[in-house]
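Undergrad: Following this message is one structure expressed as structure tokens.
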Amino acid sequence: MSLIKAQLSSGAYSSVAAPAAFSRARPTMRPQVARVQRVSQICLATTLEFIKGISEPTIPDVKLTRSRDGASGIATFVFENPAIFEASSELGDITGLYMTDDEGEITTVDVQAKFVNGKPSKIEAKYVMRSSFEWERFMRFMERYAEEKGLGFAKS
62 MSLIKAQLSS
72 GAYSSVAAPA
82 AFSRARPTMR
92 PQVARVQRVS
102 QICLATTLEF
112 IKGISEPTIP
122 DVKLTRSRDG
132 ASGIATFVFE
142 NPAIFEASSE
152 LGDITGLYMT
162 DDEGEITTVD
172 VQAKFVNGKP
182 SKIEAKYVMR
192 SSFEWERFMR
202 FMERYAEEKG
212 LGFAKS
């Protein structure tokens with residue numbers, strides 16, 4: 062509301078409180094602009110580790126099985142004479158198989174050492190996938206791992 066002065070027919074002025082159309086300037090609305098943040102992405106190496114932080118250089122044989130409905134599956138890794146056998150006494154115990162990449166880490170603790178004549182010869186690790194999401198995540202990991210190591214995929 063603002064005061065408006067009006068001249069009456071008698072020549073006198075009268076003040077009347079009335080709403081004014083342009084009494085207060087409103088702030089102009091600025092269009093919302095989407096802010097773009099630059100995120101620097103660090104590409105980590107895709108690795109298989111028996112002890113966190115220590116990459117296993119031995120390339121495993123990987124066998125995949127999947128249920129008919131695609132809801133579950135098993136990946137079996139077989140490492141013949143892995144390098145961890147020589148270094149495990151200095152670095153610590155094998156605590157699992159850790160599959161690390163840009164998306165994070167996939168872990169399994171189902172790891173067994175196989176012995177021949179009392180000496181360790183290979184390591185078998187099984188990763189059980191209980192959903193199609195876990196299957197797809199594992200396949201993305203394996204695609205990255207295969208690309209880095211120059212490996213291929215063959216259906217049997």
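Just so we're aligned: the sequence shown equals residues 62 to 217 in our numbering. Ideal placement from N, C-alpha and C gives every residue a C-beta, glycine not left out.
1) Of the choices G213, G211, F214, I112, whose alpha-carbon is the least far from that of T161?
2) Any heavy atom of the ligand FMN closer than 7 Å to the beta-carbon of R191?
3) Quick check on E204: does DSSP put it in helix, strand or coil?
4) What's the gap between the Cα of L158 and the Cα of R129?
5) Does DSSP put A132 in a helix, a strand or coil?
6) According to DSSP, what are the bridge partners of S116?
7) Do E164 and I145 have their C-beta atoms closer together than 8 Å?
8) Under three-state DSSP, which class holds A148?
9) Per DSSP, which residues does K2 bridge with? Please list them.
TA: With the structure as the only source:
1) Stepping through the sequence shown from its first residue, residue 161 is reached at position 100. Nearest option by C-alpha distance: I112.
2) Ligands are entirely absent from the displayed structure, and the ligand FMN is therefore not among its contents.
3) Walking along the sequence shown from the start, residue 204 turns up at place 143. Three-state result, E204: helix.
4) As a position in the sequence shown, residue 158 is number 97, starting the count at 1. As a position in the sequence shown, residue 129 is number 68, starting the count at 1. Computed Cα separation, rounded: 26 Å.
5) In the sequence shown, the residue the question calls residue 132 occupies position 71. Residue state, collapsed to three classes: coil.
6) As a first step, residue 116 is located in the sequence shown; it is residue number 55 there, counting from the start. BP columns for S116 point to E110.
7) As a position in the sequence shown, residue 164 is number 103, starting the count at 1. As a position in the sequence shown, residue 145 is number 84, starting the count at 1. Not in contact: E164 and I145 (Cβ atoms no closer than 8 Å).
8) Residue mapping note: residue 148 aligns to position 87 of the sequence shown, counting from 1. A148: helix per DSSP, three-state reduction.
9) Residue 2 lies beyond the residue range present for the chain, which begins at 62 and ends at 217; the question has no answer from this structure.
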